[in-house]
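Student: 232 is the number of the first residue of the sequence shown in this note's numbering; add one for each residue after it. Beta carbons: idealized from backbone N, C-alpha and C, even for Gly.
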Amino acid sequence: MYKYFISFLFLFFIIDGFSQKQKKDTLINSKKDTIIYKTSYGVRLGVDISKPVLGIFNSSYSGFEVVGDYRISKNFYAAAEIGFEEETTKEDYTNSTSKGSYIKLGFNYNAYENWLDMNNEIFLGYRYGFSLFEQTLNSYTPNIIDPDKTTYFTTNEITTPITATSLNAHWSEFVLGFKVETFKNFYISASVSYKVLMGIKDPENFKTLYSPGFNRVFESNTGFGFNYTLSYLIPFTKK
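#1: With 16 other CB atoms within 10 Å as the buried threshold, where does Glu344 fall?
#2: What are the boundary residues of the alpha helix (DSSP H) that Ile217 is part of?
#3: Three-state secondary structure (DSSP) at Ser451?
#4: Runs of 4 residues minimum, wholly inside the segment 267-298: which ones carry the alpha helix (DSSP H) assignment?
#5: Give me, in chain order, the residues of the same chain whose beta-carbon lies closer than 6 angstroms to that of Pro443; leave out the 5 immediate sequence neighbours on both sides.
#6: Excluding five sequence neighbours on each side, which residues of the same chain lie with their C-beta closer than 6 angstroms to the C-beta of Tyr353?
#7: Which whole-angstrom value is the C-beta distance of Lys335 and Ala311, which I expect to be below 8 angstroms?
#8: Could you compute how far the alpha carbon of Leu398 sits from the alpha carbon of Lys469?
#9: If you compare alpha carbons, which of Asn339, Thr391, Trp346 is closest to Tyr359?
#10: Could you tell me if Asp256 is buried or exposed, where buried requires 16 or more neighbouring beta carbons within 10 angstroms of its beta carbon?
#11: Output the distance between the C-alpha atoms of Gly299 and Leu407, rounded to the nearest integer angstrom.
#12: Going by CA-CA distance only, name the one from Phe455, Lys432, Ile431, Ile419 that's closest to Leu276.
#13: Please report the straight-line C-alpha distance between Val448 and Thr319, rounded to a whole angstrom.
#14: Start and end of the beta strand (DSSP E) containing Glu318?
#15: Does DSSP classify Tyr343 as helix, strand or coil?
#16: To the nearest angstrom, report how far apart Gly454 and Phe405 are at their CA atoms.
#17: I'd like to know whether the C-beta atoms of Leu461 and Asn416 end up nearer to each other than 8 angstroms.
#18: Put Asp300 into one of helix, strand or coil per three-state DSSP.
#19: Between which residues of its own chain and Gly294 is the CB-CB distance below 7 angstroms, once the five residues before and five after are set aside?
#20: What number of angstroms, rounded off, separates the C-alpha of Thr394 from the C-alpha of Tyr371?
#21: From Tyr301, Pro373, Ala400, Val278, pick the residue whose C-alpha is nearest to that of Glu322; which is it?
#22: Terminal residues of the continuous beta strand (DSSP E) containing Leu355?
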């Protein structure tokens, strides 16, 4: 009888020990599985370095742009760009300079699924752009038609500048780009944009050839843009 009782106790302790080990392993695995990686939320500020670089190689252009975004949710960011540009456009019979400031407001959607605590982006975005500028007709050569309306001929070049102020333009802009966190909270970004002009105020007797923020104005009222930015995230919280 005692032999069976001792065997039963020995079996009980073995089963209980195995059960405790299983519970411990389950608890450890459960803790591992519930680790949550949080990412930073805050304001990211930077500059577009492509514009001053372009100004080095193109003496007819100068400009700068400050960029920023604010993370609203996991994938959505409110975004904005503010800048100033001056561009001299040379045509066959005209030479004109446009200069002024602009602002672009919109959002980015991050379509990239990050691993663990990474914070990179492949984003699609939209901007509404608005610019205020002036345009100076530096020089021009008039084309004159004869009374029979059969022959055009040119006269001497007129070099007296004519400046038109209080001009404006507004447009829609569709953006595709990426951001990479190269160091802690420091980002490199590049993007391309397709722009559609929604409205523009031209000077009297002359067409606007360049609008700051929109770039060159073609007859199709569409255009393209490129940005290469360096930015830094100022984190407020982690979620």
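Tutor: To lay it out plainly:
#1: With a 10 Å radius around the Cβ and a threshold of 16 neighbouring Cβ atoms, Glu344 comes out exposed.
#2: Nothing in the structure corresponds to residue 217, since the chain is present only between 232 and 470.
#3: Of the three classes helix, strand and coil, the one that applies to Ser451 here is coil, per DSSP.
#4: Every unbroken stretch of the alpha helix (DSSP H) spanning 4 or more residues and falling wholly within the segment 267-298 is given here in chain order: 281-288.
#5: Taken in chain order, the residues that qualify are Glu316, Gly331, Tyr333, Ser362, Phe364.
#6: Checking the sequence shown, residue 353 turns out to be Ile, not Tyr. Annotation for Ile353: Ala342, Tyr343, Phe409 place their beta carbon closer than 6 angstroms to its own, counting only its chain and skipping 5 residues before and after.
#7: Under the criterion of beta carbons closer than 8 angstroms, Lys335 and Ala311 qualify as touching, at roughly 7 angstroms.
#8: Those two C-alpha atoms are separated by around 44 angstroms.
#9: Cα-wise, what sits closest to Tyr359 is Asn339.
#10: Residue confidence is low: Asp256 scores 49 on pLDDT, short of 50, so the model does not pin down where it sits. No coordinate-derived value is stated.
#11: Cα-Cα distance, rounded: 16 angstroms.
#12: Comparing Cα-Cα distances from Leu276 to each of Phe455, Lys432, Ile431, Ile419, the minimum goes to Ile419.
#13: Looking at the backbone, the Cα of Val448 and that of Thr319 are separated by about 13 angstroms.
#14: For Glu318, the uninterrupted beta strand (DSSP E) segment begins and ends at 307-321.
#15: If DSSP states are grouped into helix, strand and coil, Tyr343 belongs with coil.
#16: Cα atoms of Gly454 and Phe405: separation of roughly 11 angstroms, rounded to the nearest angstrom.
#17: Their beta carbons are not under 8 angstroms apart, which means Leu461 does not touch Asn416 by this criterion.
#18: Note: Asp300 maps to strand in three-state DSSP.
#19: Around Gly294, the same chain offers Lys282, Gly286, Gly314, Phe315, Glu316, Glu317 as residues with beta carbons nearer than 7 angstroms, after the five sequence neighbours per side are excluded.
#20: Roughly 13 angstroms separates the two Cα atoms.
#21: For the residues Tyr301, Pro373, Ala400, Val278, the minimum Cα distance to Glu322 belongs to Pro373.
#22: Note, Leu355: beta strand (DSSP E), 352-371.
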